[in-house]
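Residue numbers (the numbering used here), protein chains in the order written: chain Y, 5 to 194; chain V, 5 to 194. These notes concern the structure reproduced below.
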DNA sequence: GGCGGTGAGTTCATTCATTGAACCTGTGGG
DNA sequence: CCCACAGGTTCAATGAATGAACTCACCGCC
């Protein structure tokens, strides 16, 4: 289930690695070959927030359709997402985060914390708390109070004062309320 | 010294934010506007490793000159690096990491750890240890033993078994040996 | 005082990636 | 039969990245 990736990524079409910047002997460079392209980390973010369907990514990100398709494909190839038929409606399908995708949460948490501290227009956009104890999770998604890495299902996201309380698109609206990471997004048919 | 960035980034040339993907109300998206372009995070990585001079970035990264100049400019504008005249040779200058740049270490550490775990061809490339106690630093750069975030000066980087022990370029050679983060890179004139 | 070397860039033509709009295709409902 | 919807693909136009060549200020030297 968690077999290494090297074969797949390193030997596509005979080129040395992904596309280029990885004659680099460096784990960071290798990682960025997979998730470093434009939009990719935002797709993963949405997936961790519970978004699963093509159209939901589309409207929430405002990404061009072709790019979204390409990125989802890359992420599936890299083992970050898994594409599978929807349980209820067999002709639709959904992209769900794998174990390897969940492992990107510390990265996203660190990026998010940097943004919060750097663009300090005061009001935070979202809080992420350890649901069991209410403490805000730390830089890598760990709980400073309990001292352990919080399982994603136990991370509760809630809107901060900087977040628009009435956004236009339905995905943003669904992602507003207090909810857990990974909790599948279900859009109430208006 | 750590004034917020919003003004600078948000209003360049009248466009809404950076370039695009940030009608997004999201700290991650805002962060990626600054450090999400190709090469940028590798430049920051090198800067944290102690690289300071244009030519050192150039040979170590294998980045096109024009792109390097652009990225350094972006990072200076964003307050991640500071450009200043070299102490010893007044006509040269160097790019040094600011406090805000140091704050990107948890992000880079998390990316690096994901790469290590994902491309598990076995041999790690580098270790990062808390110099005082020898423990490997955790996902966000904290010390699991001491429980606190290790100051960058106390993070010791050492080569792992997967790293080429005799690389071609002098910057890679200088970055091999056990050394501290942020320790300025000095190339011994061969 | 001319000469080559170095650090730190710019300029420019080519290639590659991204964008947005339009098109396609399978199915499910009325 | 017709329309809508999910999940794409195709295409032309734009914008960014690449690599090679060029600039330019200074520095040491003989």
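Every residue gets a Cβ at the ideal spot worked out from N, C-alpha and C, and that includes glycine.
Please tell me whether residue i has its Cβ less than 8 Å away from any Cβ of chain V.
i	result
residue 15(Y)	Confidence at residue 15(Y) is low in this model, with a pLDDT of 31, below 50, so the placement of that residue should be treated as unreliable; the coordinate-derived value is given next. Not one chain V Cβ lies under 8 Å of residue 15(Y).
residue 172(Y)	no
residue 29(Y)	yes
residue 111(Y)	yes
residue 92(Y)	no
residue 149(Y)	no
residue 107(Y)	yes
residue 167(Y)	yes
residue 1(Y)	Residue 1(Y) lies beyond the range of chain Y shown here (5 to 194); nothing can be said about it.
residue 104(Y)	yes
residue 69(Y)	no
In three-state terms, what does DSSP make of residue i?
i	result
residue 106(V)	helix
residue 199(Y)	Only positions 5 to 194 of chain Y appear in the structure, and residue 199(Y) is not among them; the question remains open.
residue 75(V)	helix
residue 34(V)	helix
residue 86(Y)	strand
residue 141(V)	coil
residue 41(Y)	coil
residue 29(Y)	coil
residue 152(V)	coil
residue 162(Y)	strand
residue 47(Y)	helix
residue 55(V)	coil
Return yes when the C-beta of residue i is under 7 Å from any heavy atom of the ligand PLP, and no when it is not.
i	result
residue 155(V)	No copy of the ligand PLP occurs in the structure displayed, which carries no ligand at all.
Note down, in chain order, each residue of its chain lying with its Cβ closer than 7 Å to the Cβ of residue i, except the 5 sequence neighbours on either side.
i	result
residue 152(Y)	146
residue 140(V)	131, 132 and 133
residue 109(V)	52, 145 and 156
residue 137(V)	147, 149 and 150
residue 154(Y)	134, 141, 145, 146 and 147
Please report the Cβ distance between residue i and residue j, rounded to the nearest whole angstrom; I am assuming they are in contact, meaning their Cβ atoms lie under 8 Å.
i	j	result
residue 112(Y)	residue 52(Y)	7 Å
residue 135(Y)	residue 184(Y)	7 Å
residue 114(Y)	residue 143(Y)	5 Å
residue 164(Y)	residue 129(Y)	5 Å
residue 162(V)	residue 174(V)	That belief does not hold up - the Cβ atoms of residue 162(V) and residue 174(V) are roughly 19 Å apart, past 8 Å.
residue 107(Y)	residue 121(V)	7 Å
residue 188(Y)	residue 160(Y)	In fact, because the Cβ distance is near 16 Å, the residues do not count as touching under 8 Å.
residue 116(V)	residue 31(Y)	4 Å
Among the residues of its own chain, which have a CB less than 8 Å from the CB of residue i, if the five just before and after it don't count?
i	result
residue 72(Y)	43, 47, 58, 61, 62 and 65
Leaving out the 5 sequence neighbours to the left and right, which residues in its chain are closer than 6 Å to residue i when beta-carbon positions are compared?
i	result
residue 38(Y)	82
residue 79(Y)	85
residue 67(Y)	43
residue 180(Y)	163
Any beta-carbon of chain Y closer than 8 Å to the one on residue i?
i	result
residue 132(V)	no
residue 177(V)	no
Completely contained beta strand (DSSP E) runs for the stretch 170 to 194 of chain Y, where each covers 3 or more residues: Positions of the beta strand (DSSP E) runs, each at least 3 residues long and wholly inside the stretch 170 to 194 of chain Y, cannot be given because no such run exists.
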